[in-house]
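S.K.:
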Amino acid sequence: MGKTLVLGIGNTIRGDDGVGIKISEALKGQLDFSAVEIKQTHESGINLLDKIFGYEKVVIIDSIQSQGEMIGDIYRWNLLEKWPGASAMPYSLHNIGLAEILNLAYGLIDTPKEVIIYAVNTGDNDSFRDTMSLKIKRAIPKVVELVKNELAS
Amino acid sequence: MSRRISINPVTRLEGHGKIDIFLDNNGDVERAYFQVPEFRGFEKFCEGRAVEEMPTLTQKICGVCPTAHHIASTKALDDLFKVQPPPAAKKIRELLYNAFMFEDHLLHFYFFGAADFVIASDAPKAERNILGVINKVGVEIGRKVIDIRKRVRGLNAMISGSPLYPACGLAGGVSKGLTENDRLVIMDTLKDTVEFARFSLKLFDDLVLKDSNHFALINADTYYLETYYMGLVDENNRVNFYEGKIRVVSPDGREFAKFAAKDYLKHLEERVEPWSYLKLLYLKKIGWKGFVDGKNSGIYRVAPLARLNASKGMATPLAQAEYARMFDAFGAKPVHNTLAYHWARLIEVLYAAERMMELVNDPILTDSKIRNIPKNIPGEGIGVCEAPRGSLIHHYKTDEKGIVRKVNLLVATQNNAAAICMSIEKACRRLIKGNNVSEGILNMVEMAFRAYDPCFACATHSLPGEMPLIVDIYGSKKELLHQIKRD
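Chains as they are written, first to last, in my numbering: chain L, 1 to 153; chain D, 1 to 487.
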């Protein structure tokens with residue numbers, strides 16, 4: 001298992017929500033595989049734990065919905081600078097978010113030590129469609145370059 | 001004028017739950033409603049699809065229990081095309097299914113069930129989370145849970161094509177058989193599952209049953225409902241997750257009904273309440289009498305405790321011994337104590353582990369005959385299985401070309417919906433007095449429905465996602481006084 005994981009998250013049949021998958025697909029062949037593994041998933045919640053378990057560094061690529069912000073805007077967060085606090089006890093397996101997963105992984109095996117999130121602001125990631133809007137498509141190559149530079153440094 | 005307490009989710013997700021609690025002028029609970037305000041409607045947008053798509057389509061109702069939908073749907077296809085899968089295919093399906101039940105149940109206990117006993121209800125938020133639980137039971141145990149779950153899910157990927165969304169179910173069989181090498185890999189993966197299931201029951205014993213306060217909590221009237229119980233049983237009335245007949249027992253333990261899945265409409269009725277998209281189910285022959293328990297009310301329960309109550313035993317020896325021990329501890333059968341769901345869930349973990357070992361040691365498992373090709377014209381089919389959260393029925397009607405014309409899904413949590421409402425209301429009534437509402441008290445209200453491990457994505461057929469919850473507490477003039485979030 002490599003030490004760095006690039007994980008594209010999304011659902012490709014829910015419109016713009018597939019952007020994380022598309023970006024991670026585009027990264028394949030452009031990264032040094034001896035140091036980096038690229039995976040994709042449409043899973044959420046507790047199932048993400050299996051994906052990130054054991055990696056020193058995780059780069060997550062996903063869509064977000066940020067009201068009032070421009071569609072296609074790209075965000076980067078380094079969770080090392082502000083580790084998310086786990087929320088109060090979830091009441092079902094559906095109620096586990098990324099913060100809980102990261103805290104759980106870190107608490108159990110002390111990894112990942114570094115988590116970078118790249119997120120693209122989307123307008124619609126609910127509708128059933130397998131196409132993405134133009135602004136989101138334009139964001140894909142930009143995020144690809146950002147992630148490549150991130151890992152090169 | 002009464003006060004209104006509302007539990008309402010806030011986060012971005014599509015499936016969520018909401019609890020409204022109305023207080024009277026004395027600050028005591030007058031009424032509590034559990035609402036699920038989300039709706040997606042798989043039953044409608046599946047119409048017009050080719051029925052062979054249903055196992056992969058319906059499993060996307062939920063990201064936590066997709067295997068349950070996949071299997072129920074596949075069995076509905078068997079019935080629709082009037083084709084029986086060969087023995088190896090049945091065993092492969094059952095192996096997949098027990099693997100899923102094992103890891104799902106295990107996860108719920110360690111990440112949710114245990115919390116209600118190892119972390120004080122009034123503990124600060126920073127401690128009332130998954131990591132808080134793991135820290136209490138031990139980090140090594142937490143790592144073991146993650147590891148064993150990951151391995152068992154890897155089995156599901158090997159058998160079905162994906163750890164999350166199986167792709168193996170076909171009318172009349174499965175798409176991929178298992179080789180002898182596969183069997184050896186599976187056997188190696190499962191080598192510690194029975195042991196860990198027994199360890200988990202021992203842990204429950206040490207943490208909960210041997211603690212007089214915790215056992216008193218389980219026995220408390222706050223979490224007690226006398227209902228009917230329903231579950232799938234084999235020919236000897238023992239719990240079976242994959243196949244059998246549906247058995248219902250009354251609150252006093254007598255067999256009330258036992259029927260094949262094809263007759264479910266004669267026994268179960270759906271009811272719509274105007275304040276929720278979550279359709280309620282009740283026993284038709286008893287009738288709907290409102291949100292009351294007892295022998296004269298048609299409300300029934302499903303899922304682990306209900307399955308054990310509705311059966312006469314477990315089909316594997318170690319689980320059977322634990323089954324006997326549980327009922328002996330309560331001195332009665334059925335057990336009506338809602339928090340005993342956590343105990344029953346662990347007994348089912350043990351059963352699933354033992355059953356997987358039986359299946360993997362069965363030479364038929366690797367037989368090359370894995371499908372009987374359907375040759376009949378499709379029409380109507382019904383499939384049933386026991387999901388982690390209760391009985392699950394898929395019912396399809398198609399035209400002669402196999403295009404879906406009608407779908408009826410009776411999903412696990414729907415069966416429990418009325419009981420969940422009642423459990424919440426009863427806990428509220430017992431715990432909220434004189435306007436005294438604290439986070440600790442609301443945590444104890446949550447315990448009432450956390451035991452059921454509800455799946456609202458399934459129950460409203462909404463898209464998979466998280467399930468946030470918020471409590472809004474309103475004063476007598478409906479002004480918002482306080483808000484507590486679970487997001």
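C-beta: ideal position from N, C-alpha, C; glycine also. Model, not experiment: these values are computed from the prediction.
1. Using 8 angstroms as the threshold, is the region 163-181 of chain D in touch with the region 342-353 of chain D, meaning 3 or more CB pairs across them?
2. Residues of the region 159-170 of chain D in Cβ contact with chain L at a cutoff of 7 angstroms, in chain order, please.
3. Nearest by alpha-carbon distance to residue 400 (chain D): which of D:247, D:385, D:379 is it?
4. Check whether the Cβ atoms of residue 92 (chain D) and residue 442 (chain D) lie closer than 8 angstroms to each other.
5. How is residue 149 (chain D) classed by DSSP in three states: helix, strand or coil?
6. Secondary structure at residue 87 (chain L), three-state DSSP: helix, strand or coil?
7. Any contact of the region 92-102 of chain D with the region 67-74 of chain D, i.e. 3+ C-beta pairs under 8 angstroms?
8. Look up residue 230 (chain D) in the DSSP assignment and give the residues it is bridged to.
9. DSSP state of residue 55 (chain L), grouped into three classes?
10. Name the DSSP bridge partner or partners of residue 255 (chain D)?
11. Chain L beta carbons: is any one of them nearer than 8 angstroms to that of residue 77 (chain D)?
12. Would you mind sorting residue 317 (chain D) into buried or exposed? The rule is 16 or more other CB atoms within 10 Å of its CB.
13. If you compare alpha carbons, which of D:410, D:216, D:430 is closest to residue 281 (chain D)?
14. I'd like the list of long-range same chain contacts for residue 54 (chain D), defined as Cβ closer than 6 angstroms, with 5 residues on each side in sequence excluded.
15. Just to confirm my understanding: we take residue 17 (chain L), look at its own chain, exclude 5 residues before and 5 after, and list those with CB closer than 6 angstroms. What are they?
16. With a 10 Å radius around its C-beta and 16 neighbouring C-beta atoms as the bar for buried, classify residue 255 (chain D) as buried or exposed.
17. Taking C-beta to C-beta, are residue 186 (chain D) and residue 164 (chain D) nearer than 8 angstroms?
18. Counting only the same chain and skipping the five closest in sequence on each side, list residues whose C-beta sits under 7 angstroms from that of residue 319 (chain D).
19. Can you tell me which of the three DSSP states residue 122 (chain L) falls into?
20. How far does the alpha helix (DSSP H) with residue 278 (chain D) in it reach, from first residue to last?
21. Can you give me the C-alpha to C-alpha distance between residue 266 (chain D) and residue 285 (chain D), rounded to a whole angstrom?
22. Would the beta-carbon of residue 88 (chain D) fall within 8 angstroms of that of residue 370 (chain D)?
23. Any C-beta of chain D within less than 7 angstroms: which residues of the region 43-71 of chain L qualify?
24. When we look at the beta-carbon of residue 289 (chain D) and count the other beta-carbons within 10 Å, is it buried (16 or more) or exposed?
25. Do the region 442-452 of chain D and the region 107-118 of chain D make contact, defined as three or more Cβ pairs closer than 8 angstroms?
26. Quick one: residues in its chain with C-beta nearer than 8 angstroms to the C-beta of residue 153 (chain L), no 5 flanking neighbours on either side, listed in chain order?
27. Mapping DSSP to helix, strand and coil, what is residue 436 (chain D)?
28. DSSP on residue 136 (chain L), reduced to helix/strand/coil?
29. Given a cut-off of 8 angstroms, decide if residue 279 (chain D) and residue 414 (chain D) are closer than it, judged by their beta-carbon atoms.
M.R.: In brief:
1. no
2. 164
3. Within the second sequence, the letter at position 400 stands for residue 400 (chain D). The option with the nearest alpha carbon to residue 400 (chain D) is D:379.
4. The residue given as residue 92 (chain D) occupies position 92 in the second sequence. The residue given as residue 442 (chain D) occupies position 442 in the second sequence. No, they are not a contact pair.
5. If you number the second sequence from 1, residue 149 (chain D) lands on position 149. The answer is helix: DSSP assigns residue 149 (chain D) an H, G or I state.
6. Walking along the first sequence from the start, residue 87 (chain L) turns up at place 87. Summary for residue 87 (chain L): the model assigns pLDDT 49, below 50, so the residue's position carries little reliability, and this model does not support an answer.
7. For the pair of segments examined, the region 92-102 of chain D was found to touch the region 67-74 of chain D: the number of CB pairs separated by less than 8 angstroms reaches three.
8. Looking up residue 230 (chain D) in the second sequence gives position 230. Paired residues: D:248.
9. Here the question's residue 55 (chain L) lines up with position 55 in the first sequence. Under the three-state reduction of DSSP, residue 55 (chain L) is assigned to coil, being neither helix nor strand.
10. Counting from 1 along the second sequence, the entry for residue 255 (chain D) is found at position 255. Bridge partners of residue 255 (chain D): D:249.
11. Translated into positions along the second sequence, residue 77 (chain D) becomes position 77. For residue 77 (chain D), the answer is no, since every Cβ of chain L falls outside 8 angstroms of its Cβ.
12. If you number the second sequence from 1, residue 317 (chain D) lands on position 317. With fewer than 16 other Cβ atoms within 10 Å, it is exposed.
13. Within the second sequence, the letter at position 281 stands for residue 281 (chain D). Closest option to residue 281 (chain D), Cα to Cα, is D:410.
14. Reading the second sequence from its first residue, position 54 is the one you call residue 54 (chain D). Correct list, in chain order: 73.
15. Position 17 of the first sequence, counted from the start, is the residue given in the question as residue 17 (chain L). 10, 11, 63, 125, listed in sequence order.
16. Position 255 of the second sequence, counted from the start, is the residue given in the question as residue 255 (chain D). With fewer than 16 other Cβ atoms within 10 Å, it is exposed.
17. Stepping through the second sequence from its first residue, residue 186 (chain D) is reached at position 186. Stepping through the second sequence from its first residue, residue 164 (chain D) is reached at position 164. Residue 186 (chain D) is not a Cβ neighbour of residue 164 (chain D), given a cutoff of 8 angstroms.
18. Here residue 319 (chain D) is taken as the residue at index 319 of the second sequence, counted from 1. These residues qualify, in order along the chain: 347, 350, 351, 354.
19. What you label residue 122 (chain L) is simply residue 122 of the first sequence in a count that begins at 1. If DSSP states are grouped into helix, strand and coil, residue 122 (chain L) belongs with coil.
20. On the second sequence, position 278 is the one that residue 278 (chain D) refers to. Neither: residue 278 (chain D) is in no alpha helix (DSSP H) and is coded neither H nor E.
21. Against the second sequence, residue 266 (chain D) aligns to sequence position 266. Against the second sequence, residue 285 (chain D) aligns to sequence position 285. The alpha-carbon atoms of residue 266 (chain D) and residue 285 (chain D) are separated by roughly 8 angstroms.
22. The count along the second sequence starts at 1 and reaches residue 88 (chain D) at position 88. The count along the second sequence starts at 1 and reaches residue 370 (chain D) at position 370. It is a contact, given that the beta carbons lie within the stated cut-off.
23. 43, 44, 45, 46, 47, 49, 50, 53, 65
24. Sequence index remark: in the second sequence, residue 289 (chain D) carries index 289 (1-based). Result: exposed.
25. Enough Cβ pairs lie closer than 8 angstroms, so yes.
26. Walking along the first sequence from the start, residue 153 (chain L) turns up at place 153. Hits under 8 angstroms: none found.
27. Here the question's residue 436 (chain D) lines up with position 436 in the second sequence. Of the three classes helix, strand and coil, the one that applies to residue 436 (chain D) here is strand, per DSSP.
28. Position 136 of the first sequence, counting from 1, holds the residue named residue 136 (chain L). The three-state reading of DSSP puts residue 136 (chain L) in helix, counting H, G and I together.
29. Here residue 414 (chain D) corresponds to residue number 414 of the second sequence, with the count starting at 1. Here residue 279 (chain D) corresponds to residue number 279 of the second sequence, with the count starting at 1. In this structure, residue 279 (chain D) lies closer than 8 angstroms to residue 414 (chain D) by Cβ.
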